[in-house]
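Everything below concerns the one structure shown next.
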Amino acid sequence: MKLSYLKALNRALGDAMADDPAVFLLGEDIRVAASSLTAGLLGRFGPDRVLDTPLSEQAFTNFATGAALAGMRPVIEFQIPSLLFLVFEQIANQAHKFSLMTGGQCKVPVTYVVPGSGSRTGWAGQHSDHPYSLFAHVGVKTVVPATPADAYGLLVSAIRDDDPVVVFAPSGALGIRDDLDFGTLVPVPLGVGRVARPGSDVTVVALGHLVQDALSVADELSGVGISVEVFDPRTVYPLDVDGLTTSLARTRRLVVIDDSNRTSGFAAEVLAVAAERCEFDSPPRRVTRPDGAVLPFALALDRAVQPGRDHLVTAIHAVLEKS
Amino acid sequence: MTRDLYRTVRLIRRFEERAIEFVRSGEIVGGIHPYIGQEAVAAGVCAALRPSDVITSTHRGHGHVLARGADPARLLAELMGRESGLNKGRGGSMHAADFGLGILGANAIVGAAGSIATGAAWAHRRQGRDTVAATFFGDGAMNEGMLLEAFNLAALWRVPVIFVCENNGYATTMPVASAVAGSITGRARAFGIPAFTVDGQDPEKVLAATASGVDRARAGKGPTFLECTTYRFDAHHTFEHRTRLTYRSTEEVSAGWSRDPVEIQGARVAAAERAAVDAEVEALLDAAAGSALGSAHPDPAAALEYLYASPEVMR
Ligand SMILES: Cc1ncc(C[n+]2csc(CCOP(=O)(O)OP(=O)(O)O)c2C)c(N)n1
Ligand SMILES: [Mg+2]
Numbered sequence: 042m043k044l045s046y047l048k049a050l051n052r053a054l055g056d057a058m059a060d061d062p063a064v065f066l067l068g069e070d071i072r073v074a075a076s077s078l079t080a081g082l083l084g085r086f087g088p089d090r091v092l093d094t095p096l097s098e099q100a101f102t103n104f105a106t107g108a109a110l111a112g113m114r115p116v117i118e119f120q121i122p123s124l125l126f127l128v129f130e131q132i133a134n135q136a137h138k139f140s141l142m143t144g145g146q147c148k149v150p151v152t153y154v155v156p157g158s159g160s161r162t163g164w165a166g167q168h169s170d171h172p173y174s175l176f177a178h179v180g181v182k183t184v185v186p187a188t189p190a191d192a193y194g195l196l197v198s199a200i201r202d203d204d205p206v207v208v209f210a211p212s213g214a215l216g217i218r219d220d221l222d223f224g225t226l227v228p229v230p231l232g233v234g235r236v237a238r239p240g241s242d243v244t245v246v247a248l249g250h251l252v253q254d255a256l257s258v259a260d261e262l263s264g265v266g267i268s269v270e271v272f273d274p275r276t277v278y279p280l281d282v283d284g285l286t287t288s289l290a291r292t293r294r295l296v297v298i299d300d301s302n303r304t305s306g307f308a309a310e311v312l313a314v315a316a317e318r319c320e321f322d323s324p325p326r327r328v329t330r331p332d333g334a335v336l337p338f339a340l341a342l343d344r345a346v347q348p349g350r351d352h353l354v355t356a357i358h359a360v361l362e363k364s
Numbered sequence: 115m116t117r118d119l120y121r122t123v124r125l126i127r128r129f130e131e132r133a134i135e136f137v138r139s140g141e142i143v144g145g146i147h148p149y150i151g152q153e154a155v156a157a158g159v160c161a162a163l164r165p166s167d168v169i170t171s172t173h174r175g176h177g178h179v180l181a182r183g184a185d186p187a188r189l190l191a192e193l194m195g196r197e198s199g200l201n202k203g204r205g206g207s208m209h210a211a212d213f214g215l216g217i218l219g220a221n222a223i224v225g226a227a228g229s230i231a232t233g234a235a236w237a238h239r240r241q242g243r244d245t246v247a248a249t250f251f252g253d254g255a256m257n258e259g260m261l262l263e264a265f266n267l268a269a270l271w272r273v274p275v276i277f278v279c280e281n282n283g284y285a286t287t288m289p290v291a292s293a294v295a296g297s298i299t300g301r302a303r304a305f306g307i308p309a310f311t312v313d314g315q316d317p318e319k320v321l322a323a324t325a326s327g328v329d330r331a332r333a334g335k336g337p338t339f340l341e342c343t344t345y346r347f348d349a350h351h352t353f354e355h356r357t358r359l360t361y362r363s364t365e366e367v368s369a370g371w372s373r374d375p376v377e378i379q380g381a382r383v384a385a386a387e388r389a390a391v392d393a394e395v396e397a398l399l400d401a402a403a404g405s406a407l408g409s410a411h412p413d414p415a416a417a418l419e420y421l422y423a424s425p426e427v428m429r
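Going down the list, the protein sequences come from chains E and V. For the first sequence, our numbering assigns the number 42 to the initial residue and increments by one for each residue that follows. For the second sequence, our numbering assigns the number 115 to the initial residue and increments by one for each residue that follows.
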């Protein structure tokens, strides 16, 4: 059966709701499923478990924290990635801090899902951010699945996890379809990466929609005798350090492609972790958005500030030449 | 004024209809939030302002920008991401701005601009000018804390700002009755702001209500709140043309069309004059389309130009 990434997220929500009556959904226009994430769930689970909210993101994010403190497992859909900026206080300073600050008296199992993170063609400056590195920085568990199976498995695990988890579903990945037997869909543990393609010359670390780009670059370069290993950490925080270092022990060369802004972004963290633990045959490289990137509206400009295949190829050649 | 208001609503209507065509043909990438049905609000509010006044706008902002006098050719070029656009193609539909006309920008974050307008109006007055700000937002924005906080600041500090709520009945698919507890005007009154409900399909009524608010503001008496009841005739966003969300009935939409602001104002203009205005608007929009389509695409090498106002310190 063909399963799309978006449909896999939808299936994960349905399965999580069927498994656990404490799971319920909150968000804007989720009853009509404007984004399709929640399609069919109102009919299946009823209005008590699929709540359309007024445009009051800060309130409903803390509302979810309150519901979680009282025993529920809320899942919030945010229509656009920048809403995470609006509710950063509620996630980073409230939901994330309760467990420690109360001396472990409570837990806050809220899941925040953004179906369509990163650039959406034509949505311009205030709707095109990809702030997963920010959540990693404050230590909120954060996942960016790349495939339909991982979208399913990581969302299920996020909902079952007892802490707040942010799930970024990149708009560039929503349409990916894979041939899958639904019986093979299983939870994917948080914090465990996967080798998306084995190789021996260089490790390319890629997340989310960029995994496809990394795989196609790997294909292309295999034609000229370069063997690229693609490592998909799947979880931004906590990072699968063992998976990363195991790969690097084999290849001794590293390129990270990351849809974050450069300074203090995810790629910077991967490079730092690798530098602390691994030996390299050449200095590692990163391909990212530029510092401070605001995505300009005009399409060619939007594309120009996103990390892409050409940049990746150049970086791979650079780490190979320097060895 | 009767004729001018008609020209404004007609210009906005035809601009939006043509823009939707350009979305369909792919010249406008990403789509737009059409203002069709709500034209009387922008026309009436902006007609009550002076050239030195300022406005902020929303994701559904083309009408506000045009009513404020922006060049349709440059707005259209912006929607097409061209160099001659109001924002040099950097902003697109949801960020159109023309500071020369006091348009401090459309804003893609619901509820965000109300406090920006409040701060701007306060600063103008602080600097000895009698500028008034008008800030547009939807019924959905009435539930954003940051907008309610702006009401408080504006009332406390007697800021010359007109809060214009365009109540079109829905926030995307969420009906206002399911979203707003109490009443919209009641919220403004709770802060001591005089609040009025106005027929937002009639540009003359909107103009009259805005004009008295503007007088109050200029006289140093602080903010006024207008709830303009209106109806969005078209999609929330052009993506809806493809997805067909079923949150309102076709009967409801036809009932909305029965109070078409273009017809309401058009009926006040003599037939020959109306025809002349229509022809002038078509010619203007033909020229705008030609100009926008002929404008250069920005150079990708300059993608981050304008990122900083003081770029010297950057590497
Ligand atoms: C803070 C915020 N929440 C959600 C969105 C997504 N969104 C864009 S427009 C819109 C509906 C706005 O409704 P309303 O304020 O009534 O304006 P209308 O669209 O009806 O003109 C939503 C939910 C957003 N842009 N910003
Ligand atoms: Mg509305």
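Heads up, the beta-carbon is just placed ideally off N, CA and C, and yes, glycines get one too. Keep in mind that this is a model prediction, so the values were computed, not measured.
Short CB-CB distance (under 8 Å) between residue i and chain E
| i | result |
| --- | --- |
| ASN266 (chain V) | no |
| LEU421 (chain V) | yes |
| GLU341 (chain V) | no |
| HIS355 (chain V) | no |
| HIS147 (chain V) | no |
| GLU258 (chain V) | yes |
| ALA162 (chain V) | no |
| LEU222 (chain V) | Reading the sequence as shown, one finds Ala at residue 222 (chain V) and not Leu. With 8 Å as the cut-off, ALA222 (chain V) counts as an interface residue toward chain E. |
| TYR120 (chain V) | no |
| HIS209 (chain V) | yes |
| VAL143 (chain V) | yes |
| GLY254 (chain V) | yes |
| HIS411 (chain V) | yes |
| LEU270 (chain V) | no |
| PRO425 (chain V) | no |
Host alpha helix (DSSP H) of residue i (start-end)
| i | result |
| --- | --- |
| ILE267 (chain E) | Unbroken run through ILE267 (chain E): none, as it is neither H nor E. |
| VAL346 (chain E) | No alpha helix (DSSP H) holds VAL346 (chain E); DSSP gives it neither H nor E. |
| SER77 (chain E) | Per DSSP, SER77 (chain E) belongs to no alpha helix (DSSP H) and is neither H nor E. |
| GLU69 (chain E) | No alpha helix (DSSP H) contains GLU69 (chain E), which DSSP labels as neither H nor E. |
| GLY55 (chain E) | 46-60 |
| VAL155 (chain V) | 153-161 |
| ASP351 (chain E) | 350-362 |
Test: residue i CB closer than 8 Å to a CB of chain V
| i | result |
| --- | --- |
| ASP351 (chain E) | no |
| PHE104 (chain E) | no |
| SER257 (chain E) | no |
| ALA237 (chain E) | no |
| GLY333 (chain E) | yes |
| LEU82 (chain E) | no |
| PRO337 (chain E) | yes |
| ALA345 (chain E) | yes |
| LEU340 (chain E) | yes |
| ALA100 (chain E) | yes |
Check: residue i C-beta below 7 Å from any heavy atom of ligand 1
| i | result |
| --- | --- |
| GLU280 (chain V) | yes |
| VAL224 (chain V) | yes |
| ILE169 (chain V) | no |
| GLU263 (chain V) | no |
| HIS350 (chain V) | yes |
| ILE121 (chain E) | yes |
| THR172 (chain V) | yes |
| LEU124 (chain E) | yes |
| GLU192 (chain V) | no |
| LEU372 (chain E) | An answer regarding residue 372 (chain E) cannot be provided, because it is not within the stretch 42 to 364 covered by chain E. |
Opening and closing residue of the beta strand (DSSP E) in which residue i lies
| i | result |
| --- | --- |
| CYS279 (chain V) | 275-281 |
| LEU180 (chain V) | Where LEU180 (chain V) is concerned, there is no enclosing beta strand (DSSP E), although the alpha helix (DSSP H) it sits in stretches over 176-181. |
| ALA248 (chain V) | 247-252 |
| ILE298 (chain E) | 295-302 |
| SER158 (chain E) | 152-158 |
(Q) If the cut-off is 7 Å on Cβ atoms, which residues from the segment 179-207 of chain V count as contacting chain E, listed in chain order? (A) Taking a C-beta cut-off of 7 Å against chain E, the contacting residues of the segment 179-207 of chain V are GLY195, GLY203, ARG204, GLY205 and GLY206, listed in chain order.
Q | Cβ-based contacts, 7 Å cut-off: residues of the segment 276-291 of chain E near chain V | A | none
Q: Could you run through the segment 86-97 of chain E and flag, in chain order, every residue whose CB is less than 7 Å away from some CB of chain V?
A: ASP93, PRO95, LEU96 and SER97
Q.
Give the residues whose C-beta lies closer than 6 Å to at least one heavy atom of ligand 2, in chain order.
A. That query returns the following residues: V:GLY252, V:ASP253, V:GLY254, V:ASN282, V:TYR284 and V:ALA285.
**Q.** Contact list for the segment 153-176 of chain E against chain V, Cβ threshold 8 Å
**A.** ARG161, THR162, GLY163, TRP164, ALA165, GLY166, GLN167 and HIS168
Q. For the segment 223-237 of chain V, which residues have a CB atom closer than 9 Å to at least one CB atom of chain E, in sequence order?
A. If the cut-off is 9 Å between Cβ atoms, the segment 223-237 of chain V has ILE223, VAL224, GLY225 and ALA226 near chain E.
(Q) Which residues of the segment 61-75 of chain E have a Cβ closer than 9 Å to any Cβ of chain V? Give them in chain order. (A) GLU69, ASP70, ARG72, VAL73, ALA74 and ALA75
**Q.** Members of the segment 123-149 of chain E near chain V, C-beta cut-off 9 Å
**A.** SER123, LEU124, PHE126 and LEU127
Q. If contact means a Cβ-Cβ distance below 8 Å, which residues of the segment 277-288 of chain V contact chain E?
A. ALA285, THR286, THR287 and MET288
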